Structure formats: structure tokens, C-alpha cells
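Note that the protein sequences, when read in sequence, are chains S and R. Quick note: the UniProt record's numbering has the first sequence finishing at residue 482, numbered continuously throughout. Quick note: the UniProt record's numbering has the second sequence finishing at residue 330, numbered continuously throughout. Reviewing the structure listed below.
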Amino acid sequence: MSKIIIGPFNRVEGDLEVQLEIEAQKVTSARVNSTLFRGFESMLQGRPLGDALVYAPRICGICSVSQSVAAAQALSQIYGISPPENGQRAINLMLANENAADLLTHFYLFFMPDFARGIYKDRTWFSDSQKRFKAMQGVSSARAIEARSHWLKMMGTLAGHWPHTLAIQPGGCSRSLNDAEVMQMLLYAQKLRHFLENSLLHDKLENFLALENEADLQSWQQQHADSDLGLFIAIATDLSLHELGKSDALLMSYGSFPESNGQRLIPSGVYRNGEFHLLNPSHIQEDISHANYQGDIHSSPWHQAQMPLLDNPDAYSWCKAPRLKGEVAETGSLARQVMAKQPLILDLIQRYGSCVYSRILARTLELVKLTVQVESWLQQGFSETGHFFTEPGDIVHQRGVGLIEAARGSLGHWLEVKNNRIYSYQIIAPTTWNFSPRDQQNTPGALEKALENTPLYDGETDPVNVQHIVRSFDPCMVCTVH
Amino acid sequence: MNILWFQSGGCSGCTLSFLGLEEMDLIEWSRSMQLNWLWHPSLTEHSGSETQAMLDAVLKDEIKLDIFCLEGSVIMGPKGSGRFHMLAGTETPAKELIERLSEKADYVLAVGTCAAFGGITASPPNTVEATGLQYDQNFAGSLLPTNFKSRAGLPVINISGCPVHPGWVAETIGLIRFQKLKTEHLDPYNRPRFYADKLVHHGCSRNEYYEYKASAVKPSDLGCMMEHMGCVGTVAHADCNERPWNGNGSCTKGGYPCVDCTSPDFGHLNHSYQETPKIGNIPVGLPSDMPKAWFIALSTLAKSATPKRLKINAISERIEISPEIKRKKL
């Protein structure tokens, strides 16, 4: 048996180290370490309530709007208010804009460049992959960066700028929008559609969304093999990515995008072994048996430890281990699209389970879906007489919870108030779930489990399969440890 | 030119903001600036041992480092050990690597307020002992001493902002590339003057409301946010309302106050960011370069002359009263 430590990782949003035990060219055990601690939760203690909206987005510069939405939702419960219809739509647009930008960035800049590495030089698809995705050179990657900055212009209109807006408030949105501005934003949305149709798919977004199962997808691939996604599917088949990075964790979504009819576009729930269950947020607990914190080993977010402790011999990460009634959960696009019962993704999860292939397909599909959804919301526009903002009155509850979906999955803020000040603030980010360390029972987190049995190539020091698996979760380490 | 962008105690927001450069995609821009990225957090290929070998080669002077960018605060804790941020895959505290890379670089750029001054990461209680690279809030001398000069003879260039504007980074690097950036182009906090000699107030779309002291009282109102909402655009150093963000945005256009995110004090405010502190009815803060008595006199006069249109619109979500159309007599 040998041991290797891999780090630093690039293209993972922050600091990540992976320790592997290897036997007979296979990973037998993995430990995942987030190597940075900043202490946002203690910064917020004692501050005025509204300051949560200044601090929360700065937890993470890539999930910034998501952090704002979670903070605003927690505050809205404390004031007992909810945004008016126009305000909620504006917030939904901001969140969808950020989620889609993140999904686009992940595919083109973070994930695909690994298939243009020298180790694949003998594969039939290598020159094509290099041309499109090679780091700092890829033609498709460069176009994706351009498409991303055009798409984010919608944030200039909606949110003042991105990242780190203060436009998202417990009472709605600080910026009212008129129809002319909506027309402007529609052009930004259509610009992203053009990129996706001309580069990612070589097809209409609607045609792609109509695919119902793996067989449909494979025949679609035959007809669109020269698209960026067509190439990914070919690579995935050649490298058997449906067998790589399998996680057996339950899939979890908090739900996202509330609509005026009281429904949410993405439902909340849990998927375990082919069955759907309701999510009970009071079952969420965090375990710090292997994390660098002092306090109770196992406790609810209302009583969580946040003070660092560096001399626990069992600890190896700044990431805590969140568990849902003791179980490991995986979160992200795959969980959301399964919960939304999207036919293609349901078929993939039933065939292959959660693996590199299904995670990437779910992300791509969600990117396409969000683009169409944003267009549709903009075409519906805003009510000309409705409001964007409701003024908060007195504090009516001492506790508020913001449970939302960031691009990378379920994000929760638990906020308690005393004497008009923040008394405690606890954040559990998507990658805290996915990249959690072991818990008291020594059960590995979702990525740790997914890395077990990974086959390695001869003579690798930084195994490429490990890189694919790590990035298939689209980790955001700065969120994770905050 | 070889360039290396390293992240420590921050949120990645400056990397992601810079990636949104609108004039040119970052790959094409890098090519046209003849930049060779030794490491970019979102764009370069290598990880792990390859990265460690590259860093070793830079530290041994085998690879020249023209520009070193730090994003995020330097994490000194606990007790000066730097163990709250270790470089992944090594036993090295990030602060040691940051110090050694700074000594190798022709130019050292602190990208964003965290790297420049400590920023939000250094916010009280500052458990992690976060600080800026050459400044700790507004005091010179932190990880790097007051008299530190990079190999090209400049102090750490503080491109502060939370987040940084992509144009501020691109133009600073452009000026370096064409050898046009000199010490005199930096303000007293070593921020590039091309954006730090402007005030957020310049070009603010709410200026007419400011002139007549027609004030917003809640988010979504159209009026000036100085009197009640905590806006400090009249004293904040940046060109945010002259140089648009993400197409056509800015904080004040977005309906929320300027919180002075380019300042060494950002993250250390002792009152709410979204409320203006007052004594009696009078805001404590004042515009730059203005005697208090004059400001109060002018404000009182302006308030007594506020047109009804501005008074009403200032506390509305949409324009309720349109400007009158002046018709010429024929």
C-alpha cells in the first residue's frame, strides 16, 4: 500500500488537498482536506441584522448571490415578511443568472481542460479536445468566457454588479425594473442561447431538453458529434465515465425558485435507492469529530461550534461533516434534476447512479434549462403596478433559516437574533456536504466515498481520474470552510 | 511576462470579477498582453506536484516572476504561525510562500481589499489574524515591511475594491506591461490613481436628488442614499459611476448604498452599513473637502428648494412625476 497527497488543486475555487491510500493501482481510501479557515460566523456575531447582507455574499465570490439569497431569506423569516411578486421574480432572475454562469464556467474552464492533458495524447479525440478545451488556449473555452461576461451584464441591470451585491433584501429587491430594461436583459439571455446552440449543442436548446433517456441522448450524440457536448459524450463513452466516481450517498435538494403560485420550480426532497422522500430540515446536524473545531461532536446548526482547534489528532479538515439524520448526502444539479423528475436525468441515475457522467450531464442540462427559464421569465416581465420591495417592520421571530440552492447544491443559513443583534450565524454550504470529512462513525463523505476504487494509470503522481472525480462535483472550497 | 495569481484568505470574488473583463475575453487579452500565466486559479492546467515544482523553480530563480498577484488576506494566525491557511499538498503556511514570492517579483499586486488592507476577512474579532500584504488596515507595514519595494522599485500596488473591477486589474497590468506605472501614479495608500483619484459620487445617476437633498428612506426608493441609507459615495475613492460594472451597473444604480469597499477601513465599520449615523438629524459623515458649516447651510437651502417632482420620486420605486417639458414660445 502507498500513500500520496495531492495539492494544491487548480480550478476548484479555493484550497483543496486530497490524501489517497493506494493498492494495486486503485484508490482504497481517501481523505479530503479544506486547508483554509476564515471565521465568517464569528464575524457576524453581535453585528446589526442588516450587516448579514454585506458579509454573506463575501463568503464566496462565485456563489455570492446564492449566499445573499440565503441570508435575505433567513432575515425575511425574522421579520415575518416575504418579497412581493416582482421582487421575488427579480431575485429568481439573479439566482438563475448566477447558477447558469457557474455551470457554464464549470464545464468549459474547470472540468473539460483535464481531457486536453498530455496523458490522453493517444486517444482519437485528443486533438479535438485540445483545440477546444486546452487550458489558456481552447477556442471553445475562450468563447465561453466571452459568453459568460455578456450573460453577467444582466447582473449589472438587476443587481448593480456581480459579485457582492446588496440588491437582495429580506423585503425583495432594491432595484425596480421597467419593461425597457427587461428588453435589454432579454438580449443578454438570447446571447447566451446563441452560444449554447452554436458551440455547446449545435442544436436548438428545446431539442436537447426533449431527450428522454440515455438511448435518445446517444442517438442525439451521433447527430451532433461535432458539438462541445457531443465531444464530451464521446470521451465519456471511451473512458467509461459512467463507472467513475460513484457515490452511494442519498441525493438532497432544499428546493429553489419560489413562484407566485406558491410552488417552487425545483422541489425540495431526498432521493434514496430509487425512492423519493420529504426533506425534514430539523434532521440536519454537523459532526466535528474530524474537523478542526472545538465543541460538541454532533449538534444542530443552532448550537454549532465555530471556534478553531488545531490539536485534535483525529481532525484533518476545516470542513465539518453535515449529516441528514446521520446519513451522508450529495447535493448539486444531479440531485435537483432528479428531484424535479427530469426524464433524461432520472434515466441516467437509474442506470448508472451518481457518477462523473451523470453529474456532468445534469449540470449541462440544467444550464440549458435555466437559460430557457430566464428567457421565459423575462418575456413574462414584471407587473407594471406591482412592487419590488416590502419594508420590514419589527422583529417577530428570533430565528430564521435560509434554505436555497446554489449552483453547487444545497446552501443553508441559520440565523438567531437577540436584542436586535445577530446572536448566532451558522452556514452549511453545498461543498461542505459533498466534501465532508469522516464523521464519528468513521463514515467517509460523498467525495471520499466516490474516490474509493478509482483506477490509476501507470506512473501518475497526480492521478487524472482523481482530478475528474474531484471536479465532477464542482467544488467551491471557499464556501465550504468560510 | 510571467504572471502568477495566488489566493489566500479571500473568497475568489476578485478572480471571478476579473474573469468578467468585457473588453476582451481573458485568454485573448492574455495573449495580446503577452502574459504567460504560471498559475491562474480558474484557468491554468496543472495541479499538485507540477504546481509545487513550478513554485520551487520560481523561488530558485529558475523561472522569472514578472508580476505576482495576491488575492485575499494574508492569514497570520494562530499566534503568527499561519496554520489557518496551509498551502495544500505541503507543510508550508501560505504566508511564507507569499512573502518569498513577493521578494522574487518585479511587481507585486494586492488584488482586492483583503489583499491590500485585510478587508472583510480581517473583520473583528479577526480570529485568523488576517492582514493585508503591506498594510494592516490603514497602517503601513504588515507581512511586508513599510519600506518593502519589489524588484522594479515599487511598493505593493493596492488595487483595492470588494470585489475589484476587472478594468482596474487589466489596466494596471497594461500600464506595467508598457512600463508606464511609476510610484507617483499611486495614491497615499498605493492605489492606482487612475481610479482612486475619483469619487463614487462622480457620475452617480442620483446626483439630481443629492443636489436637492431629496432622500431615499428605504431600499428601492429612487432618491439620494446619503442622508438615511448609509451611502458614502461622496467620500469613497473609486470611479464606479464613471466606469460601469457588468454592462451598465453600479452599487448606487442597483439601489443600494456605496459602502466604501476600496477603503482600508472596509470590514471595520462600527455601525450598520445600511444606515447613516446621525447626531440629531444631521448625518455624521460629510463630503470630502467641505467645511461642515457650509454643507449644512447648503443642504438646508437645497432642501427648502426641492422641487415636488424630486421629493415624490425620491421615495418612490418608479418615476411618479416626469420632468416638465419646456416649450419654446413661437
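Note that CB positions come from ideal geometry on N, CA and C, so glycine has one too. Predicted, not measured: the structure shown is a model, and the values here were computed from it.
Below 8 Å on C-beta distance, what does Q467/S contact in chain A?
Absent from the structure: chain A. Protein chains present are S and R.
For the alpha helix (DSSP H) containing M185/S, name the first residue and the last one.
Counting along the chain, the alpha helix (DSSP H) containing M185/S begins and ends at 179–195.
Short of 8 Å in beta carbon distance, which residues of its chain neighbour S288/R, apart from the five on each side in sequence? Order them along the chain.
L199, T234, V235
Does K325/S come out as helix, strand or coil in the three-state DSSP assignment?
coil
Between the CA atoms of S12/R and C183/R - distance to the nearest angstrom
The sequence given here places Thr at residue 183/R; Cys does not occur at that position. Their Cα atoms are separated by approximately 28 Å.
Please name the residue in P78/R, A115/R, R100/R whose C-alpha comes closest to that of P308/S.
P78/R
Assign E416/S to buried or exposed, taking buried as 16 or more other Cβ atoms, counted over all protein chains shown, within 10 Å of its Cβ.
buried
Chain R partners of G400/S, CB-CB under 7 Å?
Those do not exist, as G400/S stays about 17 Å from chain R at its closest Cβ, beyond 7 Å.
Give the C-beta separation of L310/R and E208/R to the nearest angstrom, bearing in mind that I take them to be a contact with Cβ-Cβ under 8 Å.
7 Å
Residue-chain proximity (M54/R, chain S), Cβ-Cβ < 7 Å:
no
What is the rounded straight-line gap between the Cα of D474/S and the Cα of F435/S?
10 Å
Closest by C-alpha distance to L75/S, when choosing among N178/S, P455/S, Q398/S
Q398/S
Please report how far the alpha carbon of A314/R lies from the alpha carbon of E146/S, in whole angstroms.
Going from the Cα of A314/R to the Cα of E146/S covers about 37 Å.
Taking only beta-carbon positions, decide if L370/S is within less than 7 Å of chain R.
no
Does any residue of chain R have a CB that is nearer than 7 Å to the CB of L348/S?
no
Any idea if A90/S is buried or exposed, counting beta-carbon neighbours within 10 angstroms, 16 or more meaning buried?
buried
Going along chain R, which residues have a C-beta under 7 Å from W125/S?
Those do not exist, as W125/S stays about 17 Å from chain R at its closest Cβ, beyond 7 Å.
Is there a C-beta anywhere in chain R that falls below 7 Å from the one on Q88/S?
no
C-alpha distance - L38/R paired with F295/R, whole-angstrom precision
52 Å
At a CB-CB cut-off below 8 Å, which residues of chain R make contact with Y55/S?
I120, S123
Cβ neighbour criterion (16 or more within 10 Å) applied to Q441/S:
exposed
Report yes or no: is there a C-beta of chain S within less than 7 Å of the C-beta of G82/R?
no
Interface residues of chain R facing K121/S [CB-CB closer than 9 Å]:
Ordered by position in chain R, no residue passes the 9 Å Cβ test against K121/S, which lies about 14 Å from the chain.
Grab the span of the beta strand (DSSP E) containing D106/R for me, first residue to last.
105–111
By the criterion of Cβ-Cβ separation under 8 Å, what are the contact partners of H85/R in chain S?
D15, T35, L36, F37
Please confirm whether C479/S and C173/S have their CB atoms less than 7 Å apart.
no
Assuming R148/S and A101/S make a contact with CB atoms under 8 Å, what is their CB distance in whole Å?
6 Å
Does the Cβ of D197/R have 16 or more other Cβ atoms within 10 Å, making it buried, or fewer, making it exposed?
exposed
Could you give the uninterrupted runs of the alpha helix (DSSP H) lying entirely in the stretch 41–93 of chain S, keeping only those of 4 residues or more?
52–55, 64–79
If we define contact as Cβ-Cβ less than 7 Å, is D25/R a contact residue for chain S?
yes
A238/R - containing alpha helix (DSSP H), residue span
From DSSP, A238/R is part of no alpha helix (DSSP H); its letter is neither H nor E.
M252/S lies in the beta strand (DSSP E); which residues open and close that run?
For M252/S, the uninterrupted beta strand (DSSP E) run begins and ends at 250–253, by DSSP.
With respect to the alpha helix (DSSP H) encompassing T376/S, which residues constitute its N-terminal and C-terminal limits?
For clarity, residue 376/S is Ser in the given sequence; the question names Thr instead. It spans 356–380 - the alpha helix (DSSP H) in which S376/S sits, taken as one unbroken run.
Output yes if chain S places a C-beta closer than 7 Å to the C-beta of E242/R; else output no.
E242/R does not count as touching chain S.
Contacts around E21/S, its chain only, beta-carbon distance under 8 Å, and the 5 residues preceding and following it disregarded
M1, S2, K3, V27, T28, S29, A30
Since E22/R meets chain S, which of its residues come closer than 7 Å, beta carbon to beta carbon?
S149
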